[in-house]
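Engineer: Okay, here's the structure, questions in a sec.
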Amino acid sequence: MESYARTARQTRTRWLALGACVLAAVVVVGVMQFVKLPNPSNVAVYPAGDSGMDALLTGTVEITTACVTVHNGAETWTPVFPRGSTTMAGDTLVFRGGEFVSGDPIELGGGEAVTRGDATIPSGCPHGQLWMVAPG
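See below:
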């Protein structure tokens, strides 16, 4: 009988520990939904809505301290990302779970746009061809 009680206590303790881990994970994910990551200073950003354009820009990413750009043949685009969707880890652009360094191929859904009043374009970025990266 004593062995059964000990096994029951151990099982209950394991379930409580598992429940605590699940609860902690849910809290972390919930907080991340509301925490706004600081925007890297070399990345153009805009406040994202629920919808976006659905064209595709493919090219090679170039990351400098002044700006993140995408080269597509003879054209250079300044991608304007949804605010809070990018981070920089040294010379690496982190976007939607992907990590990109200069020279890497990149595909960005969205569309060509003229300057938006609510967008933040770093002064070191070309303003000629802007690519509004679709949210989500």
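Heads up, the sequence shown is in the numbering used here, so the first residue is 338 and it goes up one at a time. Backbone N, C-alpha and C define an ideal beta-carbon position, used for all residues, glycine too.
(1) Measure the beta-carbon distance from residue 429 to residue 381 and round it to whole angstroms, keeping in mind my assumption that it falls under 8 Å.
(2) List, from N- to C-terminal side, the alpha helix (DSSP H) runs of 4 residues or more that fit wholly inside the region 441-473.
(3) Measuring alpha carbon to alpha carbon, tell me which residue in 425, 416, 464 is nearest residue 447.
(4) With a threshold of 16 other CB atoms inside 10 Å of the CB of residue 442, please say whether the residue is buried or exposed.
(5) With a threshold of 7 Å on Cβ separation, who are the neighbours of residue 412 within its own chain once the five nearest residues in sequence on each side are excluded?
(6) Can you tell which of 463, 393, 449, 472 has its C-alpha closest to the C-alpha of residue 399?
(7) Taking DSSP's pairing of strands, which residues face residue 396 in a bridge?
(8) Output the boundary residues of the beta strand (DSSP E) element that contains residue 417.
Structural biologist: With the given structure in hand:
(1) Residue mapping note: residue 429 aligns to position 92 of the sequence shown, counting from 1. Residue mapping note: residue 381 aligns to position 44 of the sequence shown, counting from 1. Not really, about 17 Å apart at Cβ, beyond 8 Å.
(2) none
(3) Here residue 447 refers to the residue found at position 110 of the sequence shown. Nearest option by C-alpha distance: 416.
(4) Locating residue 442 in the sequence shown gives position 105, where the first residue counts as 1. Residue 442 should be labelled exposed.
(5) Taking the sequence shown and counting its residues from 1, one reaches residue 412 at position 75. Same-chain partners within the cutoff: 466.
(6) For the purposes of this step, residue 399 is identified with residue 62 of the sequence shown, where counting begins at 1. The option with the nearest alpha carbon to residue 399 is 463.
(7) Residue mapping note: residue 396 aligns to position 59 of the sequence shown, counting from 1. 443.
(8) As a position in the sequence shown, residue 417 is number 80, starting the count at 1. It spans 412-419 - the beta strand (DSSP E) in which residue 417 sits, taken as one unbroken run.
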